[in-house]
Amino acid sequence: MRYISTRGSAPVLQFDDVLLAGLARDGGLYVPETWPAFSADDIRAMRGLSYADVAFRVIQPFVAGTIDDAALKTILDDTYHGFGHAAVAPLKQLGANDWVMELFHGPTLAFKDYALQVVGRLFDHVLTKRGQKITIVGATSGDTGSAAIEACRDRANIDIFILHPQGRVSEVQRRQMTTILSDNVHNLAVDGSFDDCQDLVKALFNDHDFRDEVGLSAVNSINWARIMCQIAYYFWGAVQLGAPERPVSFSVPSGNFGNVYAGYAALQMGLPIAQFVVGSNKNDILTRFFDTGIMKMDGVSPSISPSMDIQVSSNFERLLFDLYDRDGAAIADLMTTFRQTGVMEMSQGCFDRARQNFDGYRLDDDETRAAIRAVYDTTGELVDPHSVIGIVAGRKCNRDVTIPMVALATAHPAKFPDAVKQASGIYPDLPPRLSDLYDRTEKVETMPNDIASLMAHVRAKRHAA
Ligand SMILES: *Cc1c(COP(=O)(O)O)cnc(C)c1O
106 MRYISTRGSA PVLQFDDVLL AGLARDGGLY VPETWPAFSA DDIRAMRGLS YADVAFRVIQ
166 PFVAGTIDDA ALKTILDDTY HGFGHAAVAP LKQLGANDWV MELFHGPTLA FKDYALQVVG
226 RLFDHVLTKR GQKITIVGAT SGDTGSAAIE ACRDRANIDI FILHPQGRVS EVQRRQMTTI
286 LSDNVHNLAV DGSFDDCQDL VKALFNDHDF RDEVGLSAVN SINWARIMCQ IAYYFWGAVQ
346 LGAPERPVSF SVPSGNFGNV YAGYAALQMG LPIAQFVVGS NKNDILTRFF DTGIMKMDGV
406 SPSISPSMDI QVSSNFERLL FDLYDRDGAA IADLMTTFRQ TGVMEMSQGC FDRARQNFDG
466 YRLDDDETRA AIRAVYDTTG ELVDPHSVIG IVAGRKCNRD VTIPMVALAT AHPAKFPDAV
526 KQASGIYPDL PPRLSDLYDR TEKVETMPND IASLMAHVRA KRHAA
């Protein structure tokens, strides 16, 4: 499989180079040159398979030529064997044709584990083969950092530095990062905001000498490998509910549009998906887009579903690329204008095409809390403030009640205990394997908001040096 950039002027790459590159050199995002096609028979043959085996069939065509089948199989078995539920991504029924798929049984209790746990192992595999070492640096406001740390811990070819704003992440989130004591994991608490952390990381990547010196790399959500791994659970969920004979719809609480884009990829590969519902909190750039056809940047305001507090959904560019018939030059123009003006208006034809498959719905914090309570009262299920947005959005926008609607539950309620308690009156307990989280030793260094300090830290601490 070869990969091309959404802006049309970066080199065409194989999977291993796309994995390590992250962003394309023309500023675009890598996508497969063609979508692998799965026939109805191929999908039917997934019935009764384990999650890891479904993932193998879905991922194999994307890495063919760079990762051999035996290595991929080992990586996937190893990854999902370690998850906290035997079904890996269990489906639960809330009502007639009303379902949730739980994607929070990985080590850090959010759906990002389903991809990052595989990506960490893929990095290791490719780096070992090449005899290469890398330094990953990232900024987090919560979920991504812990999932990336868990994915990279104890890997000989990787050092990982994660910056978080000191005192501004929840205690669960902080402890999920700082209680990983591995030598190659470096937590930095920055005296500043999340934006300061992000600016520091950007400045580091823009220093090309430094970048080459330490072999700088990233695992952010624009990395194609993450999307690829997420496609698997759409196949898994649809097959459990009767695909290919029966179509299924998905409702996805969204931020960077990575998760729901993976569903779109599944549709392109032949999975019968009737509808996607994109759920947002009050940071609703996506919902406003699906209402109006205009993508307009706004400020970000903190919500009780912080992993969806975004200003721009970076993976949306991948969908745009297809809506514009894969015209890279057109996308480059559109994105440049968007960056300059904060507004992107697409042609009526493209908007109509987007609306064929997608609807958007937003919930503010009060509606989110009320919905957590209502779901608990009617089903006994305690759900987190992100997942509940998926559940409600799916119900509100459902176009055909004869088709199962599957809401993706993206985090365990115990990851956001205060919001869940406030909404429902019930304090959600951590699963047993994490129940001692509050007693574990923490390892973290504090750092001023200053690029020279960051560089000095990275140089001094990376053990690959
Ligand atoms: C990251 C995250 C999201 C948003 O996912 P995107 O792929 O960015 O759309 C939603 N919910 C939770 C709990 C997350 O951690």
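Take this note's numbering: the last position of the sequence shown gets the number 570, and nothing is skipped along the way. Positions of the beta carbon are idealized from the N, C-alpha and C atoms, including for glycine. Please read all numbers here as calculations on a predicted model, not as lab measurements.
- With 6 Å as the limit between CB and the heavy atoms of ligand 1, the residues that fall short of it are ALA215, LYS217, ASP248, SER326, PRO358, SER359, GLY360, ASN361, PHE362, GLY363, ASN364, SER412, MET413, HIS491, THR515, ALA516.
- Secondary structure within the region 310-359: the beta strand (DSSP E) runs of 3 or more consecutive residues, fully enclosed, are 353-358 (chain order).
- About 5 Å separates the Cβ atoms of HIS491 and PRO358, confirming a contact at the 8 Å cut-off.
- Beta-bridge annotation (DSSP): ASP147 is not paired with any residue.
- In this structure, the CA atom of GLN445 is about 22 Å from the CA atom of GLN453.
- The three-state secondary structure of PHE216, taken from DSSP, is coil.
- Per the Cβ contact rule, the region 180-187 is in contact with the region 137-157 (3 or more Cβ pairs under 8 Å).
- Taking the C-beta atoms as reference points, PHE266 is found nearer than 7 Å to HIS291.
- If you ignore the 5 residues before and after GLN380, its C-beta comes within less than 6 Å of the C-beta of SER354, ARG504, all in its own chain and listed in chain order.
- Considering only PHE421, LEU221, ILE239, the residue with the shortest C-alpha distance to PHE188 is LEU221.
- The Cβ atoms of VAL123 and TYR135 sit closer than 7 Å to each other.
- DSSP places HIS186 in the uninterrupted alpha helix (DSSP H) bounded by 174-186.
- With a contact defined as Cβ atoms closer than 8 Å, LEU487 and PRO536 miss out at about 13 Å.
- Boundaries of the alpha helix (DSSP H) harbouring ALA528: 522-529, taken from the DSSP string.
- Exposure of ASP471 is indicated by the presence of fewer than 16 other C-beta atoms within 10 angstroms of its C-beta.
- Only residues of its own chain outside the window of five on either side were considered, and among them PHE362, TYR366, TYR369, ALA459 have a CB closer than 8 Å to the CB of LEU424, listed in chain order.
- Put simply, of ALA330, ARG260, LEU177, PHE299 the residue whose alpha carbon is nearest the alpha carbon of LEU128 is ALA330.
- Per DSSP, the continuous alpha helix (DSSP H) segment holding VAL168 begins and ends at 156-168.
- According to the DSSP secondary-structure assignment, LYS307 is paired through a beta bridge with no residue.
- Counting of Cβ neighbours within 10 angstroms places ALA524 among the buried residues, the total reaching 16 or more.
- Closest by C-alpha distance to MET413, out of TYR429, CYS302, ALA516, is ALA516.
- Excluding five sequence positions before and after PHE443, the CB atoms of its chain that fall closer than 6 Å to its own CB belong to MET449, given in chain order.
- In the assembly as shown, VAL506 is an exposed residue. Its beta-carbon has fewer than 16 other beta-carbons within 10 Å.
- Counting along the chain, no alpha helix (DSSP H) covers SER385; the unbroken beta strand (DSSP E) around it starts and ends at 378-385.
- Just measuring C-alpha positions, the residue of HIS230, ASP218, ARG162, ALA201 sitting nearest THR171 is HIS230.
- Note on ILE399: under 16 other CB atoms within 10 angstroms of its CB, so exposed under the neighbour-count rule.
- Residue environment for ALA337: buried (at least 16 other C-beta atoms within 10 angstroms of its C-beta).
- When the five nearest sequence neighbours on each side are left out, the beta carbons in the same chain lying within less than 8 Å of the beta carbon of ILE390 are those of MET400, LYS401, MET402, ASP403, ILE415, GLN416, VAL417, SER418, in order along the chain.
- Contact between PHE216 and ASN328 is absent: CB atoms are separated by about 15 Å, not below the 8 Å threshold.
- For ILE263, there is no enclosing alpha helix (DSSP H); the residue is found in the beta strand (DSSP E) stretching over 263-270.
- ALA437 places its beta carbon less than 7 Å from that of ARG112.
- As the crow flies, the alpha-carbon of SER385 is around 32 Å from that of LEU321.
- Under the DSSP assignment, MET451 falls outside any beta strand (DSSP E); it carries neither an H nor an E label.
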